[in-house]
Amino acid sequence: MERRPSGPGQERRKPMTRKILSLLIIVACLAVFPFVVENRFYISLINQMLIYGLLAMSLDVLLGYTGLLSFMHNAYLGTGAYMVGLFLLHVAPSSLWVTLLLGIMGTLLLALPVGWVQVRTGGLAFALLTLAFGMMFFTVAWKWYTVTGGDDGLMGVPHPDISLFGWVLGSTGDPVAIYLLTLVVVLLCFLLTWRIVNSPFGAYHLNK
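Counting from 2, one number per residue, gives the positions in the sequence shown under the working numbering.
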């Protein structure tokens with residue numbers, strides 16, 4: 002029986018298959034983690050790691066693919082968290098998806114003028130601008146006590162249910178439910194980022 006020669010395409014598929022398999026194993030382990038380890042502390046700890054992993058993913062796109070160093074990623078993370086918390090407190094205390102959407106839109110609107118200024122610079126100037134804006138965001142969050150709560154943070158934020166098409170899947174007050182929601186969001190963002198980076202659009206703009 003003749004043996005088929007392995008071409009470059011087949012050689013490239015092997016590492017990709019290993020990566021996909023490794024990713025699936027990691028996802029499976031993360032999915033069953035809260036059911037195996039029932040300690041609330043460790044569940045909350047891994048949940049925070051997933052959130053900061055999402056932050057690192059966005060920083061990797063900016064620094065790793067475009068070479069732009071940003072010191073204000075935490076500012077956008079904090080702004081989104083504050084906006085979701087404030088909307089839950091004062092606008093829609095029982096609607097998780099509405100508050101998440103409003104939080105994303107509010108953070109986007111706040112980031113637009115900052116980004117408009119920053120994209121007109123590059124290199125060291127870009128990094129210093131992000132540092133300046135990041136410190137400005139931090140000062141506002143720290144000093145505007147009547148809105149942000151200062152170093153105490155927001156108090157009494159409600160815990161709405163996590164529902165989908167009328168089905169209640171859990172409560173945001175449940176560490177396991179919020180952990181699984183975070184895991185799904187991180188996976189979706191990972192797939193979206195991977196798709197953008199590996200698309201012709203992403204390859205063109207990231208290599209400019």
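The beta-carbon is built from N, C-alpha and C at its ideal position, and this holds for glycine as well.
If you look at Leu170, you'll find it in the beta strand (DSSP E) that goes Trp168 to Ser172.
A distance below 8 Å between beta-carbons, with the five flanking residues on each side excluded, links Pro94 to the following residues of its chain, in chain order: Pro159 and Pro161. Annotation: Thr149 to Val99 spans about 20 Å, alpha carbon to alpha carbon. For Asp61, the three-state secondary structure derived from DSSP is helix.
Under the 8 Å Cβ criterion, the segment 100 to 114 does not count as touching the segment 173 to 180, having fewer than three qualifying pairs. Per DSSP, reduced to three states, the secondary structure at Ser96 is coil, with no helix or strand assignment. Going by beta carbons, Leu56 and His74 fall inside the 9 Å limit. With contacts defined by Cβ atoms closer than 9 Å, Gly107 and Thr140 do not form a contacting pair. Across the structure, Ala32 and Ser71 are spaced so that their CA atoms are roughly 31 Å apart. Counting of Cβ neighbours within 10 angstroms places Asn199 among the exposed residues, the total staying below 16.
Listed in chain order, the non-local C-beta contacts of Phe36 below 8 Å within the same chain comprise Val177, local neighbours out to five positions each way being set aside. Going by DSSP, Leu155 is part of no beta strand (DSSP E) at all; its letter is neither H nor E. The bridge partners DSSP lists for Ile163 are Gly171. The residues Leu70, in chain order, have a CB closer than 6 Å to that of Ala128 in the same chain once the five nearest residues on each side in sequence are set aside.
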